[in-house]
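One structure is given here, and the rest of the page talks about it.
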Amino acid sequence: MPEKRVLVLYAHPSPHRSEVNQQLIRAAKQVEGVTVVDLYHDYPTYQINIDLEQQRLLEHDVIIFQFPLYWYSTPAMLKEWQDLVLEYGFAYGQEGTALHGKVFFCSLSAGGKAEAYQTDGYNHFTIREILHPLEQMAKMTGMQYLAPLSLFSARTARDDGRVASHVQKWRWLLQQLVADNIDYDQASTLAKLNHYPALQTIEDDA
Ligand SMILES: Cc1cc2nc3c(=O)[nH]c(=O)nc-3n(C[C@H](O)[C@H](O)[C@H](O)COP(=O)(O)O)c2cc1C
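Oh and the sequence shown: position 156 is 156 in full-length UniProt numbering, straight run, nothing missing.
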């Protein structure tokens, strides 16, 4: 029996062209205790089933958004999902305590270089800063926010041979989350989850 039930909400508008996220999703589907939901596949016309999505949230302890960074944010589907699913009285408001005590973080890929996501880089903000609206969403809904797991320079990652090692870390992270073997307080204070000490020791065995 998994200790924690992990939900990966995946959003990629053109998955057939994905070089990174499709690999991550394939790996996530193989981890016992992890539920993967492919939002663009399930809702091609954006008609999100609110009751079903809320029920899924209730049944899981760790909620992960997985996506390619699009214009410094999530693809539109994940915004629509938030707008519809995180209702008053469910996710916030006096009676809206359904998500209290859960854990939330983002697993994303970005075309820009890691150096660009710095105060003095051309994107001016760190990836954690860029995701501040999601951090505050987690706080507002009573979830513990962990630092984002990110893969930068995603468009060249496959040719550079960096996808396999990232998939390896992602798989390990999911397994540890299921086993409830993560120091959540430490993971919440980092700039990036990639800096989580035990994660940095994972070797690429692919
Ligand atoms: C519409 C669009 C917007 C994008 N916006 C950004 C962006 O704001 N920052 C960035 O670093 N990369 C951006 N990218 C690049 C994607 O993040 C990158 O192609 C993706 O992470 C690669 O993952 P994949 O191989 O799974 O598709 C954008 C790409 C598209 C198509």
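For each residue, glycine too, the CB sits at the ideal point set by N, CA and C.
Rounded to whole angstroms, what's the CA-CA distance from residue i to residue j? Just pull it up for me.
| i | j | result |
| --- | --- | --- |
| Pro163 | Pro13 | Per the sequence shown, the amino acid found at residue 163 is Val instead of Pro. Taking the straight line joining both Cα atoms gives about 20 Å. |
| Arg158 | Tyr196 | 23 Å |
| Tyr122 | Ala116 | 5 Å |
| Ala206 | Gly96 | Only weak support is given to the placement of Ala206: the predicted model assigns it a pLDDT of 45, under 50, and the value that follows is read from those uncertain coordinates. About 44 Å. |
| Gln94 | Lys4 | 26 Å |
| Gln55 | Gly112 | 36 Å |
| Gln200 | Gly89 | 40 Å |
Tell me whether residue i, by its Cβ, gets closer than 7 Å to a heavy atom of ligand 1.
| i | result |
| --- | --- |
| Val20 | yes |
| Ser109 | yes |
| Arg155 | yes |
| Arg17 | yes |
| His12 | yes |
| Gly142 | no |
| residue 224 | No answer is possible for residue 224: it lies beyond the span of the chain, which begins at 1 and ends at 206. |
| Trp71 | yes |
| Pro68 | yes |
| Gly112 | yes |
Can you round the beta-carbon distance between residue i and residue j to whole angstroms, since I take them to be within the 8 Å contact cut?
| i | j | result |
| --- | --- | --- |
| Leu58 | Ala98 | 6 Å |
| Ser150 | Asn181 | Contact flag wrong, Cβ pair sits at about 22 Å. |
Would you be able to state if there are at least three C-beta pairs under 8 Å between the region 4–22 and the region 70–88? yes
Just checking, does the region 123–142 make contact with the region 100–113 on the three C-beta pairs under 8 Å criterion? yes
Could you name each continuous alpha helix (DSSP H) segment of 4 residues or more that falls completely within the region 164–192, going from the start of the chain to the end? 184–189
Could you pull out every unbroken beta strand (DSSP E) segment of at least 3 residues lying fully inside the region 115–158, listed in chain order? 149–151
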